[in-house]
Every structure is written in C-alpha cells, then in structure tokens.
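A short worksheet on the structure shown next.
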Amino acid sequence: MAQDGIDPQLLIFRRQYLQLFEPAFLAWPPKQLLRDADVQSWLYKHLFNTAVHSYLPSGRYQLRVLKPLLAKIEKAIEDPNQDEIDDDLMKHLSFLISSDLPSEGTAVQQRSYVTFTTLSPDGSRSVSSTSEPTLTLLERRNLISGSMTTGFRTWEAALHLGSYLLSADGQTLIKGKGVLELGCGTGFLSILCAKQLGASHVTATDGDQGVVEQLKDNLFLNDLDDGKQVYSSVLKWGHGLKGTWVEDDFDEHPYDTVIGADIVRVLPPSEIMLANNDVRPTIEQRSRR
Numbered sequence: 002m003a004q005d006g007i008d009p010q011l012l013i014f015r016r017q018y019l020q021l022f023e024p025a026f027l028a029w030p031p032k033q034l035l036r037d038a039d040v041q042s043w044l045y046k047h048l049f050n051t052a053v054h055s056y057l058p059s060g061r062y063q064l065r066v067l068k069p070l071l072a073k074i075e076k077a078i079e080d081p082n083q084d085e086i087d088d089d090l091m092k093h094l095s096f097l098i099s100s101d102l103p104s105e106g107t108a109v110q111q112r113s114y115v116t117f118t119t120l121s122p123d124g125s126r127s128v129s130s131t132s133e134p135t136l137t138l139l140e141r142r143n144l145i146s147g148s149m150t151t152g153f154r155t156w157e158a159a160l161h162l163g164s165y166l167l168s169a170d171g172q173t174l175i176k177g178k179g180v181l182e183l184g185c186g187t188g189f190l191s192i193l194c195a196k197q198l199g200a201s202h203v204t205a206t207d208g209d210q211g212v213v214e215q216l217k218d219n220l221f222l223n224d225l226d227d228g229k230q231v232y233s234s235v236l237k238w239g240h241g242l243k244g245t246w247v248e249d250d251f252d253e254h255p256y257d258t259v260i261g262a263d264i265v266r267v268l269p270p271s272e273i274m275l276a277n278n279d280v281r282p283t284i285e286q287r288s289r290r
C-alpha cells in the first residue's frame, strides 16, 4: 500500500537512488507518472533537495541520474501545451553542470553517502505513514584498502543478513541482547542492531584499523557516537583473548549473539607462499598414484 498516496513505484525508485544503484539498474517510474507535475515536484524534493534530505548522493551521481530522468520525462510528455518539465529539476541540472564536479574516475574513489531503507521483509515492523526507516553510511564503494580489506563498502551478504534480522524470527536474536559483530566493515549490521532492532549493546569489530576509524563517522551519522550503545575496536583473529579488551568488554556486556557476513581472513603473500608449499607435496603425491 502506498504511503500518503505516493505510488509504490516512486518509493522503490527513491530507495534505489539513495542506495546508489547504477542508473542502468534503477526501476525508473513509468511514463504516466513522469509526466505528472506533482510527481516531478516530489522527485525533486526527495531526490535532489538538501533541505529535505541532508545526506544525498554525490553531485556526480546525481548528474548521472538526473540527465536520463529528464530525458525520460521529455519523452513521456504528450502535449507540450499542457505538460512541462519541472523548473526545479531543470535548475538543478544547470547547477550540477556548472559545478566543479570530480571526474568519474575520481568520484568512484571518494566517500559517498549511501542510505539504506530498512523495511522488514515480512511486515513485522510498523512503518510511519510519513517516512521510512533508514540508516545512512559513508562508503567508498570501489575501494579496497592497502591492507586488502574490503571493509569500506557494504556487501550483498550484509544486506541479506540484515533482511533476516529485520524479520520476526531475526529480531528475537537481537532485541534486548548483547551483540558482537565480526568483520563489521562499514558498520551496517552493527548500526542496524543498535539503531532499529533494540540491541542492549553492540560491540563492532574489524581486523583493519582504518576501517574501524572510518566506522566512527557512520556511528556519528546515525546518532550512535556516544559510546554507550556501540563500542568499536580492532580485533585480530588467531590471537589469544585472555587479558585483552575483549575479556573486559564481555564481562561488562556479555555477548548473546555473534554475527558476521561475508567475512574472510586475507593472508599476506608470505603466508600464501607457505601454504602453497605445504599443499604442493600432497598434490604431487596424488598425481603420481
């Protein structure tokens, strides 16, 4: 059912846009909606107006979406005497074109706001008639750090696990519980648990110091930066935990649920070579049989 009379197709388009879907994969609204003046006004207000949304996508991404959007609106218009393109959309296009935007190559390496709409798949969470539950992150969607971490963007596995945690069954694992996340990356799951699923406390960990440092910005964006509900720190796997901060943290906030999505340990080249040397004799022996 539409919210406040807004067509569901527009809501889907907005969710995908704020999540930085590639323009080719956006579910573009149909012609009958695009030619409507009220719809065009809504699109400007909810996709491009910073007075309504503080954390919009980058100017370069906005331009990549606005150009084909205006082209589709122009094609949808049947009677130029009755239908026209919204002035605010045209003005915003002129503003973006005249702005000193970074090149495509530079833009994909920069941090951008990504906003996820966190609706439960089974309708187990009530949604306001005026807004949808969201969380916003700063991500570098095309960057892998020098230490080979992939933690500067949110990956599909985290979204799938988040979808489960938003379900009725998933919520029972989080609400009122102490949560430990391994390989938190951008913090999507930790923030979801703390901000919207009612976790009593969340400890967000990652093996990369740079990732943990940038997580602080995402906690700030979601009003979780006071350290009371979410604690973040580096956790290196394969090391003893006795006498470390983990032992103290567990004593204060026992972990009821441990979560992790798409987590891997990337071996340095020296360890990969050792592993290959250990395996090679076995392979050679088998090949001789």
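Take the position in the sequence shown, starting the count at 1, then add 1; the result is the number in our numbering. Cβ coordinates follow ideal geometry from the N, Cα and C atoms, glycine included. From a predicted model like this one, the values you see are computed outputs, not experimental measurements.
Asked, Found
"Put D224 into one of helix, strand or coil per three-state DSSP.", "coil"
"Which residue's Cα is closest to the Cα of Y165: D37, Y18, C194?", "C194"
"Can you have a look at S104 and say buried or exposed, based on whether 16 or more other CB atoms are within 10 angstroms of its CB?", "exposed"
"By DSSP, does L190 sit in helix, in strand, or in coil?", "helix"
"Can you look up V180 in the DSSP assignment and give me helix, strand or coil?", "strand"
"Below 6 Å CB to CB, which residues in the same chain sit around L1 once its five sequence neighbours on both sides are set aside?", "Since the first residue shown for the chain is 2 and the last is 290, residue 1 is missing from the structure and cannot be characterised."
"Have a look at S234 and T204 and give me their C-alpha separation to the nearest angstrom.", "8 Å"
"If contact is defined by three or more beta carbon pairs under 8 Å, each pair taking one atom from either stretch, is the segment 221–229 in contact with the segment 251–264?", "no"
"With the cut-off set at 8 Å, would you say G171 and L190 are in Cβ contact?", "no"
"DSSP has L138 in a bridge; who is on the other side?", "V115"
"With distances taken Cα to Cα, identify the nearest neighbour of Q210 among D227, G184, D37, K196.", "G184"
"So, are the CB atoms of A72 and R36 less than 8 Å apart?", "no"
"I need the straight-line Cα distance from L44 to G208, nearest angstrom please.", "41 Å"
"Between the beta-carbon of T116 and the beta-carbon of L167, is there less than 8 Å?", "no"
"Please report how far the alpha carbon of E140 lies from the alpha carbon of V180, in whole angstroms.", "23 Å"
"Rounded to the nearest angstrom, what separates L90 and Q41 at their Cα positions?", "8 Å"
"Whose C-beta lies closer than 7 Å to the C-beta of P24 among residues of the same chain, with five residues either side of it excluded?", "R65, V66, P69"
"Please state the DSSP three-state secondary structure of D207.", "strand"
"Would you give the residue range spanned by the alpha helix (DSSP H) that Y62 belongs to?", "60–77"
"On the CB-based measure, 16 or more other CB atoms within 10 Å of its CB, does L34 come out buried or exposed?", "buried"
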